[in-house]
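Below: the structure, in structure tokens.
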Amino acid sequence: MMIIMRAQATKAQVDVVIKKVKDHGLQPHLSAGSERTVIGAIGDIREIHQDHFAVLPGVDRVMPISPPYKLASREFHPQDSSFPLNGVQVKRGGVLLIAGPCAVESRTQILETAQAVKEAGAHVLRGGAFKPRTSPYSFQGLQEEGLRYLAEARELTGLPVVTEVLSPEAVPIVAHYGDVLQIGARNMQNYPLLHAVGQCDCPVLLKRGMMASIEELLLAAEHILSQGNDKVMLCERGIRTFGKETRYTADINALPVLKSLTHLPILFDPSHSTGHWEYVPSVALAGIAAGADGLLVEVHTHPGEALSDGQQSLKPERFQELVYRVARMSRALGRTIAEHGEEGT
Ligand code: PEP
Ligand code: MN
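Reading the sequence shown from the start, the letters are residues 550 to 894 in our numbering.
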């Protein structure tokens with residue numbers, strides 16, 4: 550339930566509403582906008598009459614029919630979310646470029662790739678040290694050794710690092726080395742993991758499950774937000790359909806839909822969406838055109854030798870060409886790619 554105060558409501562009137570929310574055993578969540586204050590009442594509202602709140606002085610209206618995800622919803626939080634990440638502002642309307650290999654395979658590989666993607670214009674380095682593989686016989690990642698190489702790559706290039714975390718127990722160590730915790734598609738509904746990342750201070754990149762609805766994605770984000778971590782970005786990475794020609798199907802529709810439903814930044818992953826490097830640039834541009842606030846792209850210096858996802862990885866020179874095209878398209882759309890070290894607003 551959301552209680553929307555009148556534009557002229559006084560602080561005393563807001564305080565009375567907050568007290569009443571608490572008296573009903575609900576948790577108040579205040580969102581003070583530039584024009585008016587919205588008070589979210591979080592908890593079980595099934596037994597509560599909205600009239601108890603609607604009659605209070607200063608209340609404009611009460612909206613009982615709200616999406617099940619409150620903190621993630623644009624209704625509750627009309628302003629776009631934004632947060633800084635090592636000198637680059639993650640924000641709606643920005644074009645954040647995250648690139649790197651699927652997995653950290655060796656020190657040389659990640660250091661070389663980090664330098665290459667930085668030169669090409671990436672803002673953030675990606676690379677998995679803990680890999681969620683469909684087969685238990687596939688490469689599972691270098692684990693802590695991989696995290697150390699990622700930290701070294703950050704030292705070398707200055708690029709912040711996004712890397713996946715697979716279990717609640719691993720959150721402290723991954724957060725120690727990484728700058729952004731990635732929750733992969735296979736773990737989108739791993740609620741203890743969502744709670745664990747929600748309780749830390751590190752930004753989170755939450756990928757949509759390959760069979761998850763948009764509402765389920767937003768509810769997964771709600772789990773993180775409800776624990777106090779508001780630095781969350783979402784990532785559309787392709788959903789499962791019946792076509793065999795691509796690994797998944799890029800749900801381009803999800804981008805404008807998510808942008809209207811939530812205030813969180815929305816990224817797009819053209820690599821997993823397609824599964825083939827040849828299709829990655831076209832689909833990446835489609836994602837930007839549809840409003841994605843950034844891209845997550847797999848880049849490998851020797852895709853033919855990659856231990857995971859080589860087929861969908863761009864060589865650095867192809868990534869550089871993609872960045873050039875993304876920049877040109879963004880300009881045409883009236884959007885700009887942040888320069889390194891530029892905080893933006
Ligand atoms: C990845 O980013 O390498 C990855 C495993 O992605 P997803 O969780 O979307 O499959
Ligand atoms: Mn991958």
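Where is the CB? At the ideal position from N, CA and C, for every residue including glycine.
| request: Determine, using beta carbons only, whether Ala881 and Gly836 come nearer to each other than 8 Å. | output: Here residue 881 refers to the residue found at position 332 when the sequence shown is read from its first residue. Here residue 836 refers to the residue found at position 287 when the sequence shown is read from its first residue. No, they are not a contact pair.
| said: Mapping the DSSP letters down to three states, classify Ile515 as helix, strand or coil. | reply: Nothing about residue 515 can be reported from this structure: the residues present for the chain run from 550 to 894 only.
| task | Report all residues from its chain with a CB closer than 7 Å to the CB of Thr559; omit the five preceding and five following residues, and keep chain order. | result | Sequence index remark: in the sequence shown, residue 559 carries index 10 (1-based). Closer than 7 Å at Cβ, skipping near neighbours: Gly607.
| task | Would you decide whether Ala621 is buried or exposed? Buried here means 16 or more other CB atoms lie within 10 Å of its CB. | result | As a position in the sequence shown, residue 621 is number 72, starting the count at 1. By the neighbour-count rule (16 or more Cβ atoms within 10 Å), Ala621 is buried.
| Of the listed residues His626, Val565, Asp600 and Tyr828, nearest to Ser583 (C-alpha basis) | Taking the first residue of the sequence shown as 1, we reach residue 583 at position 34. For Ser583, the closest C-alpha among the options His626, Val565, Asp600 and Tyr828 is that of His626.
| query | By DSSP, does Gln638 sit in helix, in strand, or in coil? | reply | Here the question's residue 638 lines up with position 89 in the sequence shown. Note: Gln638 maps to strand in three-state DSSP.
| said: Less than 8 Å between the C-beta atoms of Val872 and Gly670, yes or no? | reply: What you label residue 872 is simply residue 323 of the sequence shown in a count that begins at 1. What you label residue 670 is simply residue 121 of the sequence shown in a count that begins at 1. Yes.
| According to DSSP, residues forming a beta bridge with Val848 | On the sequence shown, residue 848 is found 299 positions in, with the first residue counted as 1. According to DSSP, Val848 bridges with Leu863.
| request: Starting from Val644, trace the beta strand (DSSP E) both ways and give me its first and last residue. | output: The residue labelled residue 644 in the question sits at position 95 within the sequence shown. For Val644, there is no enclosing beta strand (DSSP E), as DSSP marks it with neither H nor E.
| Mind checking whether His601 and Lys569 have CB atoms under 8 Å apart? | Position 52 of the sequence shown holds residue 601. Position 20 of the sequence shown holds residue 569. Their beta carbons are under 8 Å apart, which means His601 touches Lys569 by this criterion.
| query | For the ligand PEP, which residues count as neighbours when the test is a C-beta closer than 5 Å to any heavy atom? | reply | This criterion selects Cys651, Gly733, Ala734, Lys756, Arg786 and His821.
| field | Neighbourhood of Leu691 by C-beta distance below 6 Å, restricted to the same chain and skipping five residues each side | value | Residue mapping note: residue 691 aligns to position 142 of the sequence shown, counting from 1. So the list reads Val653 and Ala678, once near-sequence residues are dropped.
| query | Are there three or more Cβ pairs, one per stretch, closer than 8 Å when the segment 711 to 724 is compared with the segment 771 to 780? | reply | Because the criterion of three Cβ pairs below 8 Å is not met, the segment 711 to 724 and the segment 771 to 780 do not touch.
| query | With contact counted as at least three CB pairs below 8 Å, one residue from each stretch, are the segment 842 to 859 and the segment 655 to 674 in contact? | reply | Enough Cβ pairs lie closer than 8 Å, so yes.
| request: Classify Val611 as helix, strand or coil using the three-state DSSP reduction. | output: Along the sequence shown, one-based indexing puts residue 611 at 62. Val611 carries a strand assignment under DSSP once its states are collapsed to helix, strand and coil.
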